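Asker: Here the sequence shown is numbered in our numbering, starting from 18 and rising by one per residue.
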Amino acid sequence: MVSEDPPQPSALLQFFSAVGRAVDGPVTWWRETVVEPNRKQYNWYHRKYARVPTVDQCNVDDPVCQFEADYQIMRDKQVDGQIVSILRMRSEFCVRYHGGQDVTAMRECKDIWDTYEEAAANYFCKYGDLGYMPRAKDVYMKQKHRMIWERRHGKVGSGMKPEPQEE
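1) What is the C-beta distance between Ile90 and Ala153, in whole angstroms, given that I count them as a contact (C-beta under 8 Å)?
2) Give me, in chain order, the residues of the same chain whose beta-carbon lies closer than 7 Å to that of Trp166; leave out the 5 immediate sequence neighbours on both sides.
3) With a CB to CB cut of under 6 Å and the five nearest residues on each side skipped, what residues in its chain are close to Lys94?
4) Determine the direct distance from the alpha carbon of Ala39 to that of Phe33, and round the result to whole angstroms.
5) For the alpha helix (DSSP H) that contains Cys111, what are its first and last residues?
6) Taking the alpha helix (DSSP H) that Cys126 belongs to, which residues open and close that run?
7) What is the rounded straight-line gap between the Cα of Thr132 and the Cα of Lys65?
8) How should Trp24 be labelled, buried or exposed, when 16 other C-beta atoms within 10 angstroms of its C-beta is the threshold for buried?
9) Comparing alpha-carbon positions, which option in Lys57, Gln58, Arg92 lies nearest Val69?
10) Name the residue from Asp78, Asn139, Lys161 whose alpha carbon lies nearest to the alpha carbon of Val101.
11) With a 10 Å radius around its C-beta and 16 neighbouring C-beta atoms as the bar for buried, classify Ser175 as buried or exposed.
12) If we ignore side chains and look at the alpha-carbon of each, how far apart do Arg168 and Cys75 end up?
13) In whole angstroms, what separates the C-alpha of Cys142 from that of Asp79?
14) For the candidate residues Met164, Gly171, Val156, Lys161, whose alpha-carbon lies nearest to that of Ala86?
15) So, for Val72: in the same chain, excluding its five sequence neighbours on each side, which residues have a beta-carbon less than 7 Å away from its beta-carbon?
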């Protein structure tokens with residue numbers, strides 16, 4: 018029984034492979050043994066805070082929990098505001114890129130514009146009319162009142178549902 022060995026690469030291919038290993042070998046060794054073990058890990062984007070209990074989970078006589086909930090709301094408001102700002106900039110850039118307020122630009126940018134409009138409406142629905150530094154209790158009460166309104170009258174902005182007709 019004769020075993021077939023795989024074909025050997027040509028001499029030119031062996032030469033280029035040896036030159037590649039000679040050049041790349043020390044560089045790879047240096048990176049793996051010196052650079053990567055000594056590299057510091059930086060948080061380049063933002064600090065990640067642990068989520069804290071919301072104000073409805075805090076005891077009434079626990080000011081520390083309420084303070085943490087207030088600062089959690091403040092951070093959430095800043096993040097949501099930055100999201101709305103980025104979406105607004107993207108939609109404005111899209112309109113400028115496609116030539117202004119003509120039909121083509123509006124057709125090309127409709128999905129970005131709709132996303133921005135929805136995010137802005139949700140931001141105002143949550144934080145609107147609460148001032149610069151809303152307290153967690155105020156945000157919670159606004160949400161509760163909106164939910165009660167929607168249960169009684171239908172979705173906010175859709176008009177009031179008609180009164181039932183008595184016969």
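Using N, Cα and C, we set each Cβ at its ideal position, and we do this for glycine too.
All values derive from a computational prediction rather than experimental measurement.
Answerer: On the basis of the data shown:
1) Mapped onto the sequence shown, residue 90 falls at position 73. Mapped onto the sequence shown, residue 153 falls at position 136. Sure, about 5 Å apart at Cβ, within 8 Å.
2) Indexing the sequence shown from 1 puts residue 166 at position 149. Cβ neighbours of Trp166 beyond the five flanking positions: Val173.
3) Mapped onto the sequence shown, residue 94 falls at position 77. The answer, listed in chain order, is Tyr144.
4) The residue you call residue 33 lines up with position 16 of the sequence shown. The residue you call residue 39 lines up with position 22 of the sequence shown. Taking the straight line joining both Cα atoms gives about 10 Å.
5) Counting from one through the sequence shown, the residue named residue 111 turns up at place 94. Cys111 -> alpha helix (DSSP H) spans 80-114.
6) The residue given as residue 126 occupies position 109 in the sequence shown. Careful: Cys126 lies outside any alpha helix (DSSP H) and carries neither H nor E.
7) On the sequence shown, position 115 is the one that residue 132 refers to. On the sequence shown, position 48 is the one that residue 65 refers to. The alpha-carbon atoms of Thr132 and Lys65 are separated by roughly 26 Å.
8) Residue 24 sits at position 7 when you count from the first residue of the sequence shown. Inspection of the sequence shows that residue 24 is occupied by Pro rather than by Trp. It counts as exposed.
9) Along the sequence shown, one-based indexing puts residue 69 at 52. Of the candidates Lys57, Gln58, Arg92, the one whose C-alpha sits nearest the C-alpha of Val69 is Arg92.
10) Reading the sequence shown from its first residue, position 84 is the one you call residue 101. Answer by Cα proximity: Asn139.
11) Here the question's residue 175 lines up with position 158 in the sequence shown. Looking at its Cβ environment, which holds fewer than 16 other Cβ atoms inside 10 Å, Ser175 is exposed.
12) Locating residue 168 in the sequence shown gives position 151, where the first residue counts as 1. Locating residue 75 in the sequence shown gives position 58, where the first residue counts as 1. Taking the straight line joining both Cα atoms gives about 26 Å.
13) The count along the sequence shown starts at 1 and reaches residue 142 at position 125. The count along the sequence shown starts at 1 and reaches residue 79 at position 62. Their Cα atoms are separated by approximately 28 Å.
14) Mapped onto the sequence shown, residue 86 falls at position 69. Closest option to Ala86, Cα to Cα, is Val156.
15) Along the sequence shown, read from residue 1 onward, the residue named residue 72 stands at position 55. Same-chain partners within the cutoff: Gln83, Ala86, Ala153, Lys154, Tyr157.
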